[in-house]
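K.L.:
Chains as they are written, first to last, in my numbering: chain A, 1 to 256; chain B, 1 to 396.
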Amino acid sequence: MSNIKNAFANGKAFVAFITCGDPDLETTKKTVIEAANNGADLIELGIPFSDPTAEGPVIQGANLRALKGGVTTDKIFDFVKDVRKEVTIPLVFMTYANVVYSYGAEKFMAGCKEAGIDGIILPDLPFEEKEEFDEVCDKYGVDLVSLIAPTSENRIAMIAKEAKGFLYIVSSLGVTGTRSEITTDLGSMVKIVKENTDIPCAIGFGISTPEQAEKISKLSDGVIVGSAIIKILEKYGKDAPKYVGEYVKSMKEAIA
Amino acid sequence: MTNPKGRFGVHGGQYIPETLMNAVIELEEAYNKYKDDPEFNRELTELFNEYAGRPSRLYYAEKMTKDLGGAKIYLKREDLNHTGAHKINNVLGQALLAKKMGKTRLIAETGAGQHGVATATAAALFGMECVVFMGEEDTKRQALNVYKMRLLGAEVIPVTSGTATLKDAVSEAMREWTSRISDTHYCLGSVMGPHPFPTIVRDFQAIISKEIKEQMLEKEGKLPDAVIACVGGGSNAIGSFYNFIEDKSVRLIGCEAAGRGIDTFETAATINTGKLGIFHGMKSYFCQDEYGQIAPVYSISAGLDYPGIGPEHAYLHDSKRAEYVAITDDEAVDAFEYLSRTEGIIPAIESSHAVAHAMKIAPTMDKDQIIVITISGRGDKDCAAIARYRGEDINE
Chain A
1 MSNIKNAFAN
11 GKAFVAFITC
21 GDPDLETTKK
31 TVIEAANNGA
41 DLIELGIPFS
51 DPTAEGPVIQ
61 GANLRALKGG
71 VTTDKIFDFV
81 KDVRKEVTIP
91 LVFMTYANVV
101 YSYGAEKFMA
111 GCKEAGIDGI
121 ILPDLPFEEK
131 EEFDEVCDKY
141 GVDLVSLIAP
151 TSENRIAMIA
161 KEAKGFLYIV
171 SSLGVTGTRS
181 EITTDLGSMV
191 KIVKENTDIP
201 CAIGFGISTP
211 EQAEKISKLS
221 DGVIVGSAII
231 KILEKYGKDA
241 PKYVGEYVKS
251 MKEAIA
Chain B
1 MTNPKGRFGV
11 HGGQYIPETL
21 MNAVIELEEA
31 YNKYKDDPEF
41 NRELTELFNE
51 YAGRPSRLYY
61 AEKMTKDLGG
71 AKIYLKREDL
81 NHTGAHKINN
91 VLGQALLAKK
101 MGKTRLIAET
111 GAGQHGVATA
121 TAAALFGMEC
131 VVFMGEEDTK
141 RQALNVYKMR
151 LLGAEVIPVT
161 SGTATLKDAV
171 SEAMREWTSR
181 ISDTHYCLGS
191 VMGPHPFPTI
201 VRDFQAIISK
211 EIKEQMLEKE
221 GKLPDAVIAC
231 VGGGSNAIGS
241 FYNFIEDKSV
251 RLIGCEAAGR
261 GIDTFETAAT
271 INTGKLGIFH
281 GMKSYFCQDE
291 YGQIAPVYSI
301 SAGLDYPGIG
311 PEHAYLHDSK
321 RAEYVAITDD
331 EAVDAFEYLS
341 RTEGIIPAIE
351 SSHAVAHAMK
361 IAPTMDKDQI
371 IVITISGRGD
381 KDCAAIARYR
391 GEDINE
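1) DSSP puts B/Phe197 in a beta bridge; with which residues?
2) For B/Phe265, does the count of other Cβ atoms within 10 angstroms reach 16, so buried, or fall short, so exposed?
3) As a quick exercise: from A/Lys252, A/Val142, A/Phe127, pick the residue whose alpha carbon is nearest that of A/Gly111.
4) Of all the CB atoms in chain B, is at least one closer than 9 Å to the CB of A/Thr19?
5) Between the alpha carbons of A/Ala149 and A/Ile169, how many angstroms are there, rounded?
6) With a cut-off of 9 Å, does the C-beta of A/Gln60 fall near any C-beta of chain B?
7) Locate the alpha helix (DSSP H) running through A/Asp138, then write down its first and last residues.
8) Using a Cβ-Cβ cut-off of 7 Å (strictly less than) and excluding sequence neighbours within five positions of B/Val170, which residues of its own chain qualify?
9) Just the chain B side, please: which residues come within less than 7 Å of A/Ala228 by C-beta, in chain order?
10) Closest Cβ-Cβ distance between B/Lys103 and chain A: below 9 Å?
11) Between the alpha carbons of B/Asp380 and B/Ile346, how many angstroms are there, rounded?
12) Could you check if A/Gly70 is buried or exposed, using at least 16 other CB atoms within 10 Å of its CB as the buried criterion?
13) With a Cβ-Cβ cutoff of 9 Å, do A/Pro90 and A/Asp124 count as a contact?
14) Below 8 Å on the Cβ atoms is my contact criterion, and I expect A/Ala13 with A/Ala202 to pass it. Report the Cβ-Cβ distance as a whole number of Å.
15) Which whole-angstrom value is the C-beta distance of A/Val80 and A/Ala54, which I expect to be below 8 Å?
16) Could you compute how far the alpha carbon of B/Phe241 sits from the alpha carbon of B/Val227?
17) Mapping DSSP to helix, strand and coil, what is A/Lys12?
18) Tell me the rounded alpha-carbon separation between B/Asp318 and B/Glu290.
19) Could you check what DSSP says for A/Cys112 in three-state terms: helix, strand or coil?
20) Mind listing which residues of the stretch 15-42 of chain B have their C-beta closer than 8 Å to chain A's C-betas, in chain order?
21) Mind reading off the beta-carbon distance from A/Thr28 to A/Ile59? Whole number of angstroms is fine, and I expect it under 8 Å.
22) Given a cut-off of 9 Å on the beta-carbon distance, is the pair B/Ala302 and B/Gln94 in contact?
23) Any beta-carbon of chain B closer than 9 Å to the one on A/Ser102?
24) What is the residue span of the alpha helix (DSSP H) that A/Glu214 lies within?
25) So B/Thr328 and B/Ser351 are supposed to be a Cβ contact under 8 Å. How far apart are they, rounded?
26) Enumerate in chain order the residues of its own chain whose CB-to-CB distance from A/Gly237 is below 6 Å, with the five nearest sequence positions on each side excluded.
27) Just reading off the beta strand (DSSP E) that B/Cys255 is part of, what are its end residues?
28) To the nearest angstrom, how far is it from the Cα of B/Pro55 to the Cα of B/Gln288?
29) Does the pairing of the stretch 377-394 of chain B with the stretch 321-336 of chain B give three or more beta-carbon distances under 8 Å?
30) Just to confirm the assignment, what range does the alpha helix (DSSP H) spanning A/Thr184 have?
31) Does DSSP classify B/Cys383 as helix, strand or coil?
32) Any Cβ of chain A within less than 9 Å of the Cβ of B/Asp263?
33) Considering only residues of the same chain and omitting the five flanking positions on each side of B/Ile200, which have a CB-CB separation below 6 Å?
34) Show which residues of chain B have a CB atom less than 9 Å away from the CB atom of A/Val99.
35) Please report how far the alpha carbon of B/Asn400 lies from the alpha carbon of B/Arg202, in whole angstroms.
36) Note down, in chain order, each residue of its chain lying with its Cβ closer than 7 Å to the Cβ of A/Ser50, except the 5 sequence neighbours on either side.
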């Protein structure tokens, strides 16, 4: 088992998502450090993709801004090596299958290992297609994280049994983005997960306020927040890191 | 080893968010249940014949044949179908399937607007709600089709993300489907996306080659030497090829949109310029940069302006069973004008890519050889754009 379990050893885990290179890698580095210092237990680093089909408008915008700024997979590997000098919490990549495939899965996972990436989330790689990368992920000790959605129903047990790192539970139908209300019966989903695996699970999609985080954290081992953090980056640009730090602190306190 | 489901060689598969997995599994099960069901097929045939106007004509283009001075040319007239294109074949099939599945709402992407109009038409006919996603750029290029969809009762949502063209419309339709699944069927318009779409759409479009074969045997007593069709995602092409795949004497030629040329960045010729990748639910060839970022493709034809190609075409290319050639904007516009003047038939700018290639190869072939060109749609929608291309500004 990888370093990811350590993220869940400190009470309920707070998982922060940050798109690499939005608005630039220097700001991303400062943001990651601020988030880690203020209680983030695990950070998802988004490698931008031109056509992120699982994202709502907020993260789509971050992807676009980052690509426009000239970020590439190679630059992101260098960036992670640099960040790793100062950050010890688990780091996972979140990107799309084509980014890994076009780079060469073997070369990509070797790069992850070298840079200190603990896992990878690919929202367009469902259970049926995970063989595309899982062997090479295992070879380099990178956990290929599985997702479970409100529509998964009879698939939850099957996915949970083979899950690695942590299980990403998608709270709602649709794409990423903040929501005023989450109506999915998450308790029942988590129950099936727990019957089938010992690895931790975290809930994401639609969570933005400390109140929501507190409520959701009671149902699982952690909460994942993306769009709310990206909105801070969108609003403050290069000045965003300290505001992200304050936000992460308020969220971690709410779930602790 | 990868998932063998819905594979064409290494291509195809189901690279989609977990949220959609049970939806595509449900669709596959429903399709397997109904595809050989006599009642389903009786209903579909009746819709094809009585509503869409099938079978479409296989027309001997005598003047064009004589003018080019080589192979005998036949035109498969999908432009004569109701709504003016081959798109209606697939849409009637999927709408009927969706109805059997108890769905009450159809969503679709559209490029040129032909698939959107066809979906809006089927939704009106079946009394279903309809939402069509169309790149904002395309809503400007094809304003008449936007009006038609609204007239038919559909809601048209202009997509502003990315390049605001067909690929972004597909992405947006996929996003919409993940947010509303229980009452909604995603009526995908081409032989692309996750399994089972490439197979379902192919099967509904295969009527084209089934008819070509019957009509050709009746008129000429033999099979054609070549079948030529334009390829974006590739639905009219796979429909035109499918029943000839086992007939090795028949050359199958797909015509991609080269845009301003395959040596420029302003192209949409996937087989000629793309590389293997994973996008929009499938493994296939895509126009992309070295880091796998999908390229902002270009073609004068909104219907071919897509950075990928259906997985079965990718396989037919790998296995060398079909050839894929690239046709530039200039060549397509010339062919658009040529067929209009020579035969009195105004082809869609998409189909004009196929006409252009026939114009190149027919003179090199013998007089006893036969070419079939699929005229996938009618060109009314393109007249204003072509006039502009020629420097003439007309009001639609």
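Idealized CB from N, CA, C, for every residue including glycine. Just so we're clear, the structure is a prediction, and the values are computed from it rather than from any experiment.
P.N.:
On the basis of the data shown:
1) Partner(s): none; B/Phe197 has no beta bridge.
2) exposed
3) A/Val142
4) no
5) 6 Å
6) yes
7) 134-139
8) Glu109, His280
9) Those do not exist, as A/Ala228 stays about 19 Å from chain B at its closest Cβ, beyond 7 Å.
10) no
11) Rounded to whole angstroms, B/Asp380 to B/Ile346 spans 7 Å at the Cα level.
12) exposed
13) No.
14) 6 Å
15) Contact doesn't hold; Cβ gap of about 22 Å is too wide.
16) 7 Å
17) coil
18) 21 Å
19) helix
20) Those residues of the stretch 15-42 of chain B that come within reach of chain A (Cβ to Cβ, closer than 8 Å) are Tyr15, Ile16, Pro17, Glu18, Thr19, Leu20, Met21, Asn22, Ala23.
21) That belief does not hold up - the Cβ atoms of A/Thr28 and A/Ile59 are roughly 14 Å apart, past 8 Å.
22) no
23) yes
24) Where A/Glu214 is concerned, the enclosing alpha helix (DSSP H) stretches over 210-217.
25) Going by Cβ atoms, the distance from B/Thr328 to B/Ser351 rounds to 15 Å, so no, they are not a contact pair.
26) Pro23
27) 251-259
28) 39 Å
29) yes
30) No alpha helix (DSSP H) holds A/Thr184; DSSP gives it neither H nor E.
31) When DSSP states are grouped into helix, strand and coil, B/Cys383 belongs to the helix group.
32) No - not a single Cβ of chain A is within 9 Å of the one on B/Asp263.
33) Tyr31
34) Tyr291, Gly292, Gln293
35) Nothing can be reported for residue 400 of chain B: it is not among the residues displayed for chain B, which extend from 1 to 396.
36) Leu67
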